[in-house]
Amino acid sequence: AQKVTQAQTEISVVEKEDVTLDCVYETRDTTYYLFWYKQPPSGELVFLIRRNSFDEQNEISGRYSWNFQKSTSSFNFTITASQVVDSAVYFCALSEAPPNTGNQFYFGTGTSLTVIP
Amino acid sequence: KAGVTQTPRYLIKTRGQQVTLSCSPISGHRSVSWYQQTPGQGLQFLFEYFSETQRNKGNFPGRFSGRQFSNSRSEMNVSTLELGDSALYLCASSLGPSGTYEQYFGPGTRLTVT
Numbered sequence: 045a046q047k048v049t050q051a052q053t054e055i056s057v058v059e060k061e062d063v064t065l066d067c068v069y070e071t072r073d074t075t076y077y078l079f080w081y082k083q084p085p086s087g088e089l090v091f092l093i094r095r096n097s098f099d100e101q102n103e104i105s106g107r108y109s110w111n112f113q114k115s116t117s118s119f120n121f122t123i124t125a126s127q128v129v130d131s132a133v134y135f136c137a138l139s140e141a142p143p144n145t146g147n148q149f150y151f152g153t154g155t156s157l158t159v160i161p
Numbered sequence: 002k003a004g005v006t007q008t009p010r011y012l013i014k015t016r017g018q019q020v021t022l023s024c025s026p027i028s029g030h031r032s033v034s035w036y037q038q039t040p041g042q043g044l045q046f047l048f049e050y051f052s053e054t055q056r057n058k059g060n061f062p063g064r065f066s067g068r069q070f071s072n073s074r075s076e077m078n079v080s081t082l083e084l085g086d087s088a089l090y091l092c093a094s095s096l097g098p099s100g101t102y103e104q105y106f107g108p109g110t111r112l113t114v115t
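Protein chains in written order, with our numbering: chain A, 45 to 161; chain B, 2 to 115.
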């Protein structure tokens with residue numbers, strides 16, 4: 045079973061539209077971390093956000109916002125007023141912390157976002 | 002501050018050969034993780050090194066190995082290359098153990114096995 049599911053493979057939006065990227069995760073750990081990364085066409089992954097399992101407070105950073113809901117095991121990412129520069133593949137990731145073995149890191153399959161001017 | 006650097010950026014090898022990839026982390030970072038990215042399998046965790054010790058390993062065969070030096074630089078080795086090893090290999094560094102610290106990724110090494 046997938047630890048991290050990003051059901052949306054590709055999304056296209058017109059510039060200035062809002063878009064939400066879905067992420068559903070699966071873990072039995074009580075302590076874990078969730079991440080979002082952006083991979084622009086240049087290829088280099090860029091860190092966007094990290095949340096730990098004890099902090100369900102939603103976060104906003106400029107046009108980006110994240111909604112973490114433990115009840116539904118989701119960590120969704122919304123881009124408000126999208127811009128062409130937002131076009132990239134976005135990855136959601138989960139890090140578990142099993143005892144004595146370090147962190148297990150799992151990435152979703154990514155959502156390719158295209159913002160049309 | 003210089004970012005994560007990976008060498009070489011591109012590599013072409015033939016089946017059966019072995020290859021060594023190098024990663025220099027951001028100065029001060031002690032953790033280096035390696036990932037394989039392919040169109041079919043996506044991003045998969047290979048292993049992580051922290052203070053010269055392998056901290057964790059993903060589900061890859063023993064042909065994939067790595068090490069970390071005292072200056073935190075890391076190398077990844079793949080022996081007896083197979084066609085399926087063709088991928089983008091990404092290295093990421095962080096101040097401390099990955100998962101609890103932000104990871105910064107390098108540009109990757111594109112390996113093609115023919």
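Just so you know, even glycine gets a beta-carbon here, dropped at the ideal spot from N, CA and C.
For the pair Thr-116 of chain A and Thr-74 of chain A, the Cα-to-Cα distance works out to about 14 Å. Straight-line measurement puts the Cα of Ser-109 of chain A at about 12 Å from the Cα of Ser-126 of chain A. For Ser-139 of chain A and Lys-14 of chain B, the gap between their C-alpha atoms comes out near 33 Å.
Using a Cβ distance threshold of 8 Å, Thr-39 of chain B and Tyr-77 of chain A do not count as a contacting pair. From the listed residues A:Val-90, A:Asn-102, A:Gly-152, A:Pro-84, the smallest Cα separation to Thr-122 of chain A is found for A:Asn-102. Looking only at A:Asp-66, A:Ser-156, A:Thr-49, A:Leu-92, the smallest Cα-Cα distance to Gly-106 of chain A is reached by A:Leu-92.
Among the residues facing chain B, Gly-87 of chain A is included, as its CB has a counterpart in that chain under 8 Å away. Closer than 8 Å to the CB of Pro-108 of chain B there is at least one CB belonging to chain A. For Lys-58 of chain B, the enclosing beta strand (DSSP E) has its first and last residue at 54-58. Counted as a single uninterrupted DSSP element, the beta strand (DSSP E) harbouring Arg-94 of chain A occupies residues 90-96. Taking C-beta separations shorter than 6 Å and ignoring five residues to either side along the sequence, the partners of Phe-79 of chain A in its chain run Arg-94, Ala-137, following chain order.
Of all residues in the region 65-86 of chain B, none has a C-beta nearer than 8 Å to a C-beta of chain A. Between the region 74-89 of chain B and the region 149-159 of chain A, the count of Cβ pairs shorter than 8 Å is below three; the stretches do not touch. Near chain A, meaning a CB-to-CB distance below 7 Å, the residues of the region 36-55 of chain B are Gly-43, Leu-44, Phe-46, Glu-49.
When C-beta atoms of the region 26-37 of chain B are compared with those of the region 92-108 of chain B, three or more pairs fall below 8 Å, so the two segments count as touching. Beta bridge pairing from DSSP links Phe-79 of chain A with A:Arg-94, A:Ala-137. Between Ser-118 of chain A and Val-133 of chain A, the beta carbon gap of about 19 Å keeps them out of contact (Cβ cut-off 8 Å). For Thr-15 of chain B, there is no enclosing beta strand (DSSP E), as DSSP marks it with neither H nor E. If you draw a straight line from the Cα of Ser-99 of chain B to the Cα of Val-63 of chain A, it is about 29 Å long.
Residues of chain B whose Cβ lies closer than 7 Å to the Cβ of Arg-94 of chain A are, in chain order, Glu-103.
Counting every other CB atom within 10 Å of its CB across the protein chains shown gives Gln-42 of chain B a total below 16, marking it as exposed.
For Ser-99 of chain B, at least one C-beta of chain A is nearer than 8 Å to its own C-beta. Rounded to whole angstroms, the separation of the alpha carbons of Phe-46 of chain B and Asn-60 of chain B is 8 Å.
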